[in-house]
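> Sharing a structure here in structure tokens format.
Residue numbers (UniProt numbering): 1 to 668.
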């Protein structure tokens with residue numbers, strides 16, 4: 001496919017380092033290191049799979065150069081002592097075996113340090129300004145301390161060379177220490193390290209000089225920066241271009257990122273942002289400094305990737321979450337298998353929220369195995385095994401494909417006229433359209449499997465089950481809106497001519513709302529994920545929106561990125577937030593609620609939505625359960641039909657059909 005994507009699949013040489021193509025895995029924390037901050041076998045397998053998948057350059061996640069003051073993350077790796085060199089050496093050796101080039105990001109967290117490791121010692125920074133709203137107040141570094149930190153960067157870079165890395169990256173973005181000097185959001189110093197752009201760049205220049213002295217002139221160095229803070233009072237793109245003017249001659253290539261801790265949803269590219277939306281920033285740096293430039297930003301399709309390089313916006317494409325979801329991205333593109341790309345949906349659940357908010361190892365909503373990918377296919381059934389999957393949502397589709405891929409004869413029964421279930425429905429909301437990527441991938445995967453038969457418009461029955469003679473039944477019938485017996489609700493919700501809609505009512509009528517929003521009064525009952533999708537839809541189209549939530553906090557269970565984004569969206573659009581407010585009665589044009597003071601008041605609306613979450617859709621399950629008990633057939637209930645959760649849980653359970661079949665003793 002090189003003729004189709006000649007730029008994307010072409011090599012590039014940077015200061016003696018030749019990359020086989022233009023794909024880059026940028027540094028993303030994994031929580032795969034050991035508790036003692038060393039490289040683990042799990043961490044090696046994770047990166048090894050991306051090297052095997054054809055990635056050109058892998059930049060290993062940020063490593064601490066100054067422990068404990070510079071550390072961040074629950075299980076961040078360290079490179080502040082020679083004892084860490086052997087582990088990195090093994091990692092690099094394993095990645096080189098598959099043809100990838102390997103860099104490592106060197107970092108000091110500064111005010112973003114992991115507080116639990118500091119033992120009560122105050123974090124350090126450029127000034128005494130927290131790196132995020134509500135963060136711990138740091139103390140300003142002395143000049144002598146800064147010289148010592150710069151020296152440690154150099155020593156860490158020397159260790160990276162010893163470990164066999166092909167390059168190093170200096171992290172100067174994303175609210176970490178060097179960025180805390182570069183950005184006026186965090187730097188109010190009055191000495192030679194504060195004030196002017198030249199002064200604010202001075203510490204970063206010290207660090208770069210130290211690294212260059214350690215590695216020599218013929219070793220590639222990159223620097224990653226937040227090109228635009230996108231926060232009032234922070235660096236603009238023009239400011240960052242000026243700052244880079246003091247650094248660029250000392251480095252070999254530039255990794256152009258964006259944003260800070262307080263707008264993490266831009267740093268981690270929320271779902272609604274267009275593919276390659278940041279590339280104009282990279283272009284500005286490339287044109288001004290004539291250096292190889294890395295860009296990122298929801299890049300999912302090879303067509304967009306090719307266009308970015310062809311237009312001259314950037315030379316290299318960072319696809320961090322994209323390569324978590326699809327480690328074989330480069331190879332599939334090269335082999336003409338675009339239809340089987342498992343394209344990241346930008347949900348930021350398993351990759352970001354697991355790590356940042358929950359101190360868990362990273363996972364992926366749409367990729368249930370980050371370490372071994374397709375090795376489950378090595379297990380093949382030793383005899384004819386019939387599997388029936390009831391429900392064609394994401395959990396059911398993953399289960400059906402997995403079972404077919406290991407040799408089972410699979411029939412999937414879906415009572416609607418299309419596959420995808422709730423995921424497909426939610427993907428019809430414009431801001432959530434990227435969810436359709438996953439459904440499309442699953443549908444394409446189905447088409448590759450001749451032993452997987454899909455029956456649409458078919459409801460499971462004892463007769464059909466008897467006809468199919470299953471050895472295993474997987475129930476994956478999903479969920480539906482929760483509609484409690486609140487006065488007036490069931491009489492009005494989703495009825496012809498009614499102004500009151502459920503979650504499904506909103507989705508099924510979304511095109512009619514899109515043309516008639518400005519100035520309308522919209523009231524949404526339910527401040528969870530789906531309710532806030534409705535709030536966002538109308539608020540960003542000019543409606544006067546109120547959100548009513550019985551709990552004290554709106555969006556309590558949202559992931560970190562989405563929560564920051566939603567709060568920003570509500571503030572920007574003057575959404576009226578009514579927490580601790582309980583719905584009492586549903587009327588034709590108003591919701592009667594009890595407010596925090598205990599008063600009963602009416603919230604008027606032109607459109608009213610009741611989005612109180614979802615409940616399992618398992619009305620037919622008792623009959624299926626009875627059939628299984630009577631015939632002795634193994635039965636699984638997975639996904640939302642077992643318990644309402646996120647997509648990630650159902651997909652994991654779908655893949656776990658392998659383990660069920662293993663217990664059944666059906667493998668060769």
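All residues carry an ideal CB built from backbone N, CA and C; glycine is no exception. Keep in mind that this is a model prediction, so the values were computed, not measured.
(1) So for residue 64, helix, strand or coil by DSSP?
(2) Can you say whether residue 490 is buried or exposed, counting buried as having 16 or more other CB atoms within 10 angstroms of its CB?
(3) Tell me the residue span of the beta strand (DSSP E) that contains residue 171.
(4) With a threshold of 7 angstroms on Cβ separation, who are the neighbours of residue 604 within its own chain once the five nearest residues in sequence on each side are excluded?
(5) Could you check the C-alpha separation between residue 580 and residue 544 for me, to the nearest Å?
(6) So, using beta-carbon positions, are residue 65 and residue 80 closer together than 7 angstroms?
(7) Output needed for residue 504: all residues of its chain with C-beta closer than 8 angstroms, excluding positions within five of it in sequence on either side, in chain order.
(8) Within the continuous beta strand (DSSP E) that includes residue 602, where are the two ends?
(9) Which class does residue 86 belong to by DSSP, given the choice of helix, strand or coil?
(10) Have a look at residue 487 and residue 467 and give me their C-alpha separation to the nearest angstrom.
(11) Under 7 angstroms, do residue 260 and residue 229 count as touching if we go by C-beta distance?
(12) Mind checking residue 305: buried by the 16 CB within 10 Å criterion, or exposed?
(13) Evaluate contact between the stretch 294-301 and the stretch 273-282, counting only Cβ atoms and requiring at least three cross-stretch pairs below 8 angstroms.
(14) Going along the chain, which unbroken runs of the beta strand (DSSP E) with 3 or more residues stay wholly within the stretch 299-372?
(15) Find out if the Cβ-Cβ distance for the pair residue 439, residue 423 is shorter than 7 angstroms.
(16) Pop quiz: residue 456 and residue 414 are said to be a contact at Cβ under 8 angstroms. What is the actual Cβ separation, rounded to whole angstroms?
(17) Classify residue 383 as helix, strand or coil using the three-state DSSP reduction.
(18) Taking the continuous alpha helix (DSSP H) assigned at residue 283, which residues delimit it?
(19) Tell me whether residue 180 sits in a helix, a strand or coil according to DSSP, three-state version.
(20) Say whether the stretch 53-61 touches the stretch 125-145, bearing in mind that this needs 3 or more beta-carbon pairs closer than 8 angstroms, one atom from each stretch.
(21) Using the beta-carbon count (16 or more within 10 Å), is residue 448 buried or exposed?
(22) Under three-state DSSP, which class holds residue 584?
(23) By Cβ distance, which residues of its chain are closer than 8 angstroms to residue 134, with the 5 residues on each side in sequence left out?
(24) Let me know the secondary structure DSSP gives residue 18 once reduced to three states.
(25) Could you tell me whether the stretch 607-620 touches the stretch 530-545, where touching means 3 or more Cβ pairs closer than 8 angstroms?
(26) Pop quiz: residue 109 and residue 154 are said to be a contact at Cβ under 8 angstroms. What is the actual Cβ separation, rounded to whole angstroms?
(27) I'd like to confirm the pairing. Which residues does DSSP put opposite residue 5 in its beta bridges?
(28) Select from 471, 123, 555 the residue whose C-alpha is nearest the C-alpha of residue 630.
(29) I believe residue 464 touches residue 624 by the beta-carbon criterion, under 8 angstroms. Please report the beta-carbon distance rounded to the nearest angstrom.
(30) Could you spell out where the beta strand (DSSP E) holding residue 501 opens and where it closes?
(31) Out of 427, 311, 392, 416, state which residue places its alpha-carbon closest to the alpha-carbon of residue 410.
(32) Classify residue 542: buried if its beta carbon has 16 or more other beta carbons within 10 angstroms, exposed otherwise.
(33) Where does residue 596 land, buried or exposed, given buried means 16+ other C-beta within 10 angstroms?
(34) My guess is that residue 564 and residue 265 are in contact by the Cβ rule of under 8 angstroms, so how many angstroms apart are they, rounded?
(35) So for residue 235, helix, strand or coil by DSSP?
(36) Sort out for me which residues DSSP pairs residue 523 with in a bridge.
Well, looking at it:
(1) One-based indexing of the chain shown puts residue 64 at position 64. Residue 64 falls in the strand class under three-state DSSP.
(2) Within the chain shown, numbered from 1, the residue matching residue 490 stands at position 490. Residue 490 should be labelled exposed.
(3) To locate residue 171, count along the chain shown from 1; it is residue 171. Looking at the DSSP string, the run of the beta strand (DSSP E) that includes residue 171 is 167-172.
(4) As a position in the chain shown, residue 604 is number 604, starting the count at 1. Cβ neighbours of residue 604 beyond the five flanking positions: 521, 589, 590.
(5) The sequence position of residue 580 within the chain shown is 580, counting from 1. The sequence position of residue 544 within the chain shown is 544, counting from 1. Approximately 20 angstroms between the Cα atoms of the pair.
(6) Within the chain shown, the letter at position 65 stands for residue 65. Within the chain shown, the letter at position 80 stands for residue 80. Yes.
(7) Against the chain shown, residue 504 aligns to sequence position 504. Closer than 8 angstroms at Cβ, skipping near neighbours: 425, 480, 481, 494.
(8) Mapped onto the chain shown, residue 602 falls at position 602. Start and end: 600-604.
(9) Within the chain shown, numbered from 1, the residue matching residue 86 stands at position 86. Residue state, collapsed to three classes: helix.
(10) Against the chain shown, residue 487 aligns to sequence position 487. Against the chain shown, residue 467 aligns to sequence position 467. Cα to Cα, residue 487 sits roughly 45 angstroms from residue 467.
(11) Within the chain shown, the letter at position 260 stands for residue 260. Within the chain shown, the letter at position 229 stands for residue 229. Going by C-beta atoms, residue 260 is nearer than 7 angstroms to residue 229.
(12) Taking the chain shown and counting its residues from 1, the one referred to as residue 305 is at position 305. It counts as buried.
(13) yes
(14) 316-318
(15) By 1-based counting over the chain shown, the position of residue 439 is 439. By 1-based counting over the chain shown, the position of residue 423 is 423. Yes, the Cβ-Cβ distance between residue 439 and residue 423 is below 7 angstroms.
(16) By 1-based counting over the chain shown, the position of residue 456 is 456. By 1-based counting over the chain shown, the position of residue 414 is 414. Their Cβ separation, rounded to whole angstroms, is 5 angstroms, which keeps residue 456 and residue 414 in contact under 8 angstroms.
(17) For this step, residue 383 is matched to residue 383 along the chain shown. Note: residue 383 maps to coil in three-state DSSP.
(18) Walking along the chain shown from the start, residue 283 turns up at place 283. 279-289 is the extent of the alpha helix (DSSP H) around residue 283.
(19) Walking along the chain shown from the start, residue 180 turns up at place 180. Reduced to three states, the DSSP call for residue 180 is helix.
(20) no
(21) Here residue 448 refers to the residue found at position 448 of the chain shown. Residue 448 is exposed by the Cβ-count criterion.
(22) By one-based count along the chain shown, residue 584 stands at place 584. Strand.
(23) Within the chain shown, residue 134 is the residue found at index 134, counting from 1. Contacts found: none.
(24) The residue given as residue 18 occupies position 18 in the chain shown. Three-state DSSP puts residue 18 in a strand.
(25) yes
(26) On the chain shown, position 109 is the one that residue 109 refers to. On the chain shown, position 154 is the one that residue 154 refers to. 18 angstroms between Cβ atoms; not a contact.
(27) If you number the chain shown from 1, residue 5 lands on position 5. Answer is none; residue 5 lacks a bridge partner.
(28) Here residue 630 is taken as the residue at index 630 of the chain shown, counted from 1. For residue 630, the nearest C-alpha among the options comes from 471.
(29) As a first step, residue 464 must be located in the chain shown, where it is residue number 464. As a first step, residue 624 must be located in the chain shown, where it is residue number 624. Going by Cβ atoms, the distance from residue 464 to residue 624 rounds to 11 angstroms, so no, they are not a contact pair.
(30) Reading the chain shown from its first residue, position 501 is the one you call residue 501. First-last of the beta strand (DSSP E) with residue 501: 500-502.
(31) Locating residue 410 in the chain shown gives position 410, where the first residue counts as 1. Checking every option, the nearest Cα to that of residue 410 belongs to 392.
(32) Position 542 of the chain shown, counting from 1, holds the residue named residue 542. Exposed, because fewer than 16 other Cβ atoms sit within 10 Å of the Cβ of residue 542.
(33) Working through the chain shown from its first residue, we reach residue 596 at position 596. Flag for residue 596 reads exposed.
(34) As a position in the chain shown, residue 564 is number 564, starting the count at 1. As a position in the chain shown, residue 265 is number 265, starting the count at 1. Right, the Cβ-Cβ distance comes to about 5 angstroms (below 8 angstroms), so this counts as a contact.
(35) Here residue 235 refers to the residue found at position 235 of the chain shown. It is coil, neither helix nor strand.
(36) Within the chain shown, numbered from 1, the residue matching residue 523 stands at position 523. Paired residue(s): 546, 608.
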